[in-house]
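In my numbering, the protein residues as written are 199 to 388.
For each residue, glycine too, the CB sits at the ideal point set by N, CA and C.
All values reported here derive from a predicted model rather than from experimental measurement.
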Amino acid sequence: MKPSDVSALLDEPACSHNRKSKSGCAKPKPGASAGGCAFDGAQIAMLPIADVAHVVHGPIACAGSSWDNRGTRTTGPTLYKIGMTTDLTEQDVVMGRSEKRLFHAIGQAIDSLHPPAVFVYNTCVPALIGDDLDAVCKAAARHFGVPVVPIDCAGFYGTKNLGNRIGADAMVRHVIGGREPDPLPDAVVA
């Protein structure tokens, strides 16, 4: 994510304390909860979408520390309960295999679970080494014929609140308006 994109998401004109800075609100006092990172916030916003595959691109600790802490009250699909990650290791980073692992993980999720879409969460490690999340997701969508939504939410971008906004921004950019809604049945009066 470009610094200008992060800056735009940090702009909260309705807040009296808005200064377009990463701190956003007052720093926590000693002993207070610091909250989560941007990745955690994006998951909180997106995991309630229960029928898509959620793939975390990063080390296992990123997925393991936060998976299934928040869920959804769906009575339908339960894909959100399946934790999927690229499980990046030091070898993957050093050898430059992380983007290949991501493409393979997306394919594995599609082949085994047949979701209508895949959401891919970027974490700190692939963001630091410069993985092109958008390009891999576009290539995977073309190759597998399933929408793949990049959610560039590396934890060091900011707070959990920023992550909520990053998740919502991904929905606006990649999902909302993607197709026309199904027509209403004739018996329904709008």
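- For Ala261, the three-state secondary structure derived from DSSP is helix.
- In the displayed model, Val344 falls within coil according to three-state DSSP, outside both helix and strand.
- Taking a cut-off of 8 Å for Cβ pairs, the region 315-322 and the region 334-353 touch, as three or more such pairs fall below it.
- Pairing Pro324 with His252, the inter-Cα distance amounts to about 17 Å.
- With a contact defined as Cβ atoms closer than 8 Å, Asp249 and Gly361 miss out at about 21 Å.
- Your pair Ile304 and Phe342 checks out as a contact, with CB atoms roughly 7 Å apart and the cut at 8 Å.
- Nearest C-alpha to Gly376 among Asp330, Pro314, Tyr355, Leu331: Pro314.
- One thing to note: Asp329 has its Cβ within 8 Å of the Cβ of Glu297.
- Residue environment analysis places Arg363 among the buried positions, since at least 16 neighbouring C-beta atoms fall within 10 angstroms of its C-beta.
- Closest option to Ala307, judged by alpha-carbon separation, among Met293, Tyr355, Met282, Met199: Met282.
- When DSSP assignments are scanned along the region 263-340, the uninterrupted stretches of alpha helix (DSSP H) that are 4 or more residues long and fall wholly within it turn out to be 288-293, 296-311, 322-327.
- Within the same chain, and ignoring the five residues on either side of Asp290 in sequence, the residues whose Cβ sits closer than 7 Å to its Cβ are Ser296, Arg299.
- In this structure, the beta-carbon distance from Val373 to Val344 does not fall below 8 Å.
- Here Ala240 carries a helix assignment [DSSP, helix/strand/coil].
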